[in-house]
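In UniProt numbering, the protein residues as written are 1 to 289.
Notes to accompany the following structure.
Below, the structure written as structure tokens:
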């Protein structure tokens, strides 16, 4: 079977923030199979480097280049260093403006309540600022640099990973929820400002997905079980589901789609209370006379 990523014929480079696992890892592989070279930014220790090396190997096996940077994507100095190196690589290849896709998929934040009986158990201003800085505001600064350095021009695609947590509540999830809401707001503003340049910006709202980031949330198993029960498609979302959508959205024909929060969840978000078709078929209903 030929997947969308194998038949799209995309070109140029993709910059993936959070490229070593979850959505970023899957997107790196799918975009490479679709024809793109990959700049990957990730933050990994020795224990998780084998997975990074696997992703790089698979990208190269697809016949594409993989240039990965193991740095903190929200650090301004590191960001400039990475962009300097990207600029040089593209210049050496005679490609002055070749980053056609950017994906922001950074999941690092503090999971603490806003209010607690003991002050030490509540989130601090430093932790709040860090969470929003990494998971939301860093999107702006990377896009600023790509545009001002002319590394992304007309035809570019900017994506940011969000979730339904941006408009829902969960114990200890307040800072991350605020970051997701801010990220979606940033996407709308970027879409307006980038439109005259021919660059689109959209957020991808993934359904509940079993990723390392999800497992860090207190009560994550309950979230998984609820999503499995409610999703009318009968399963969780996978990173590969998201990656295939990103490949599709990165085609030139989607130039008029911008400023959206796009749900990719098998119908999970629209369901408030779900009875399976088989159950519903066997249920007798009385009709008022």
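We put the beta carbon where it would ideally sit given N, CA and C, even for glycine.
Computed from a prediction, not measured in an experiment: that's the story for all the values here.
Nearest-angstrom beta carbon gap, residue j and residue i [assumed within contact, 8 Å]
i, j, result
"residue 190", "residue 126", "Actually they do not touch by this definition, with Cβ atoms about 27 Å apart."
"residue 205", "residue 262", "6 Å"
"residue 34", "residue 10", "4 Å"
"residue 207", "residue 246", "The pair is not a contact, with the Cβ atoms about 15 Å apart (cut-off 8 Å)."
"residue 200", "residue 257", "6 Å"
"residue 166", "residue 112", "Between residue 112 and residue 166 the Cβ distance is about 18 Å, and since that is not below 8 Å, they are no contact."
Between the CA atoms of residue j and residue i - distance to the nearest angstrom
i, j, result
"residue 162", "residue 184", "7 Å"
"residue 194", "residue 69", "26 Å"
"residue 101", "residue 117", "46 Å"
"residue 20", "residue 146", "21 Å"
"residue 283", "residue 222", "Model confidence at residue 283 stands at a pLDDT of 41, short of 50, so the residue's coordinates are unreliable; what they give is reported in the following sentence. Answer to the nearest angstrom: the Cα atoms are 27 Å apart."
"residue 275", "residue 209", "With a pLDDT of only 48 at residue 275, under the threshold of 50, the placement of this residue in the model should not be trusted; the figure read from the coordinates follows. Cα-Cα distance, rounded: 22 Å."
"residue 31", "residue 219", "33 Å"
"residue 25", "residue 18", "7 Å"
"residue 122", "residue 128", "10 Å"
"residue 136", "residue 93", "32 Å"
"residue 188", "residue 104", "15 Å"
"residue 321", "residue 46", "Residue 321 lies beyond the residue range present for the chain, which begins at 1 and ends at 289; the question has no answer from this structure."
"residue 12", "residue 98", "5 Å"
"residue 29", "residue 119", "44 Å"
"residue 255", "residue 226", "36 Å"
"residue 38", "residue 50", "18 Å"
"residue 74", "residue 83", "13 Å"
"residue 271", "residue 88", "49 Å"
"residue 16", "residue 241", "17 Å"
"residue 230", "residue 216", "22 Å"
"residue 280", "residue 80", "Low local confidence applies: a pLDDT of 43 at residue 280 is under 50, so the model's placement there is unreliable, with the coordinate-based value given in what follows. Answer to the nearest angstrom: the Cα atoms are 57 Å apart."
"residue 202", "residue 250", "11 Å"
Best match in the options for proximity to residue i [C-alpha to C-alpha]
i, options, result
"residue 36", "248, 225, 198 and 65", "65"
"residue 67", "49, 86 and 73", "86"
"residue 132", "115, 91, 99 and 177", "177"
"residue 22", "52, 154 and 251", "52"
"residue 154", "213, 198 and 231", "198"
"residue 59", "77, 79, 48 and 14", "14"
"residue 134", "149, 148, 156 and 160", "160"
"residue 248", "40, 76 and 157", "157"
"residue 181", "170, 164 and 62", "164"
Where the alpha helix (DSSP H) through residue i begins and ends
i, result
"residue 246", "239 to 249"
"residue 22", "22 to 33"
Check whether residue i and residue j have beta carbons under 8 Å apart
i, j, result
"residue 43", "residue 90", "no"
"residue 114", "residue 174", "yes"
"residue 267", "residue 232", "yes"
Limits of the unbroken beta strand (DSSP E) element including residue i
i, result
"residue 204", "200 to 206"
"residue 188", "Where residue 188 is concerned, there is no enclosing beta strand (DSSP E), although the alpha helix (DSSP H) it sits in stretches over 174 to 194."
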